[in-house]
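Written below as structure tokens is the structure these notes are about.
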Amino acid sequence: MLAIVHNGGFVGLGYVDGAARPAGFVFGFLGIYDYHFRHHSHMLAVRREHRGTGLALALKEAQRDHCLDQGIEIMAWTMDPLEALNARFNFGKLGTYAREYHRDFYGLMPDKLNAGLPSDRFYVEWPIGMDRTYKRLRGEDHPPALEGAEAEGVRYLLRAAGDRPAPQDPPSGESHLLVEIPSDFQGLKRRDASLALEWRIAARGAFEEAFGQGYAAVEFLRAADGRGAYLLVPQPRRAEGPAETK
């Protein structure tokens with residue numbers, strides 16, 4: 001890790017109330033993607049008792065500042081697309097987007113968060129210098145409500161029917177699409193592992209179909225009743241950033 005830091009990588013530690021041990025950390029390194037340098041944020045973790053305090057956001061901002069000083073324009077990392085809390089943080093707080101879906105990216109993972117399921121992942125990208133990113137970090141811009149998208153008739157590719165996933169018709173040129181995920185995937189997995197796998201496979205099908213047709217996930221919308229769904233929009237070309245949302 002020291003060698004990585006000495007060669008442009010980043011390790012940030014977060015402390016709370018003068019404690020001797022860190023309450024959280026973030027770690028990333030330089031990489032190349034499509035012949036351009038970017039920063040891959042490999043790990044971000046906050047101790048359970050300090051979650052929800054803003055520490056994760058502070059660590060991510062410190063990492064962003066480091067990258068901006070290097071002239072880096074994009075940070076990227078992987079995330080489980082079925083984890084609603086992570087989706088709210090990455091898409092809602094930071095303003096990331098995703099246009100790549102990787103099946104079983106890490107292979108078999110025996111830890112309690114991933115055991116028993118394929119380690120499917122989004123590859124999320126964060127355009128750290130964009131005005132939208134700055135506004136999200138300052139709390140000046142927020143995702144729209146899911147109820148608003150539903151009222152406008154935005155169609156679902158995948159939605160819940162009770163506890164079960166209910167795939168809908170594939171994309172047919174729509175300007176906006178929705179993909180619903182469970183509000184508490186870890187709780188669902190503890191209750192019913194087979195149902196969790198059913199959600200994994202259904203979400204995989206929806207995202208692979210949409211991303212294969214040039215869509216990207218650009219927001220995570222929440223409803224007052226706790227439901228959550230990704231908002232997808234079509235992308236003109238990979239070289240360009242994500243399309244603006246309504």
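According to the working numbering, the sequence shown is numbered sequentially starting from 1.
All C-beta atoms in this analysis are idealised placements derived from N, C-alpha and C, irrespective of residue type, glycine included.
In this text the structure is predicted, and so the values were computed from the model without any measurement.
Beta-carbon proximity check, residue i vs residue j, cutoff 8 Å
| i | j | result |
| --- | --- | --- |
| Val218 | Tyr97 | yes |
| Leu158 | Pro171 | no |
| Ala84 | Ser194 | no |
| Ser175 | Val124 | no |
| Gly8 | Ala62 | no |
| Gly28 | Phe10 | yes |
| Arg191 | Leu177 | no |
| Phe185 | Tyr101 | no |
| Phe91 | Pro143 | yes |
| Gly162 | Thr133 | no |
| Arg204 | Asp120 | yes |
| Leu197 | Ile128 | no |
Rounded straight-line distance, which links the Cα of residue j to that of residue i
| i | j | result |
| --- | --- | --- |
| Ala149 | Trp199 | 22 Å |
| Asp17 | Arg51 | 14 Å |
| Gly107 | Phe122 | 14 Å |
| Lys246 | Ala19 | A caution first: Lys246 carries a pLDDT of 46, below 50, which makes its placement in the model too unreliable to give a value. |
| Pro118 | Ile181 | 16 Å |
| Gly14 | Asp65 | 15 Å |
| Leu188 | Ala151 | 28 Å |
| Lys93 | Asp169 | 30 Å |
| Arg258 | Asn114 | Shown here, the chain extends from 1 to 246; a query on residue 258 therefore has no answer. |
| Arg88 | Met109 | 24 Å |
| Leu231 | Pro165 | 17 Å |
| Ala229 | Leu82 | 10 Å |
| Ala224 | Met1 | 43 Å |
| Ala3 | Arg21 | 23 Å |
| Val46 | Leu59 | 10 Å |
| Gly173 | Leu30 | 37 Å |
| Arg222 | Leu57 | 19 Å |
| Arg48 | Trp126 | 25 Å |
| Ala202 | Tyr33 | 29 Å |
| Gln213 | Ala160 | 23 Å |
Residues that residue i bridges to, as DSSP identifies them
| i | result |
| --- | --- |
| Trp77 | Val124 |
| Leu232 | Leu177 and Ala217 |
| Val11 | Phe27 |
| Ser172 | Ser172 is not bridged to any residue. |
| Tyr156 | Leu178 |
| Arg222 | Gly228 |
| Arg38 | Gly31 |
| Glu83 | In DSSP, Glu83 forms no bridge with anything. |
| Leu197 | Leu197 pairs with nothing; no bridge assigned. |
| Glu100 | Tyr123 |
Proximal residues to residue i (C-beta, below 6 Å), its chain only, five neighbours per side dropped
| i | result |
| --- | --- |
| Met130 | none |
| Met43 | Phe27 |
Cβ shell of residue i (< 7 Å), same chain only, five flanking positions each side left out
| i | result |
| --- | --- |
| Arg99 | Phe211, Ala216 and Gln235 |
| Arg227 | Leu146, Glu180 and Ser183 |
### Query
Taking one C-beta from the stretch 52-59 and one from the stretch 33-43 each time, how about it: are there three or more such pairs within less than 8 Å?
no
### Query
Is the stretch 129-147 in contact with the stretch 75-83, if contact means three or more CB pairs nearer than 8 Å?
no
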